[in-house]
Amino acid sequence: MTAAAGDDAEPPTKSQVIETLRRIGAPRGHEGPARALIIGQSIRLALYLTGPDESEAVSRALDICARLLDASPEFARFHITDFRLL
Numbered sequence: 029m030t031a032a033a034g035d036d037a038e039p040p041t042k043s044q045v046i047e048t049l050r051r052i053g054a055p056r057g058h059e060g061p062a063r064a065l066i067i068g069q070s071i072r073l074a075l076y077l078t079g080p081d082e083s084e085a086v087s088r089a090l091d092i093c094a095r096l097l098d099a100s101p102e103f104a105r106f107h108i109t110d111f112r113l114l
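If you want it as structure tokens, here you go:
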């Protein structure tokens with residue numbers, strides 16, 4: 029997730045990201061702790077998901093990110109820019 033170009037507001041901390049993820053509730057199929065990395069105006073999440081197939085896992089990950097962005101004002105200026113499957 030990345031803030032808009034030219035946005036120089038302070039990004040949320042890693043702790044704020046993880047706490048917000050906990051507050052929105054662990055989704056079905058989420059295994060293990062989430063990890064967050066903040067680099068400049070970018071938030072990188074590592075989510076450990078289980079699912080019947082890759083498409084379901086991607087759908088769950090995108091749902092989690094969308095709910096995170098809707099959960100709190102400090103995330104409202106961010107948008108989903110990409111994802112990678114590991």
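Using this note's numbering, the letters of the sequence shown map in sequence onto residues 29 to 114.
For every residue, glycine included, the Cβ atom is placed at its ideal position computed from N, Cα and C.
Here the structure is a predicted model, which is why all the values come from computation and not from measurement.
For residue i, three-class secondary structure by DSSP
i: A85; result: helix
i: I108; result: coil
i: T48; result: helix
i: L113; result: coil
i: S43; result: helix
Close Cβ partners of residue i (< 8 Å) along its chain, the five nearest in sequence each way excluded
i: L97; result: M29, F103, A104, F106, H107 and I108
Euclidean distance between Cα positions of residue i and residue j
i: Q69; j: L77; result: 25 Å
i: D81; j: I92; result: 17 Å
i: R63; j: S83; result: 21 Å
i: Q44; j: G34; result: 22 Å
i: A32; j: P39; result: 12 Å
i: I46; j: A89; result: 15 Å
Chain-order list of residues whose beta-carbon lies under 6 Å from that of residue i (same chain, five-residue window excluded)
i: L65; result: R72
i: R95; result: I52
i: K42; result: A64 and I66
Chain-order list of residues whose beta-carbon lies under 7 Å from that of residue i (same chain, five-residue window excluded)
i: S100; result: T48
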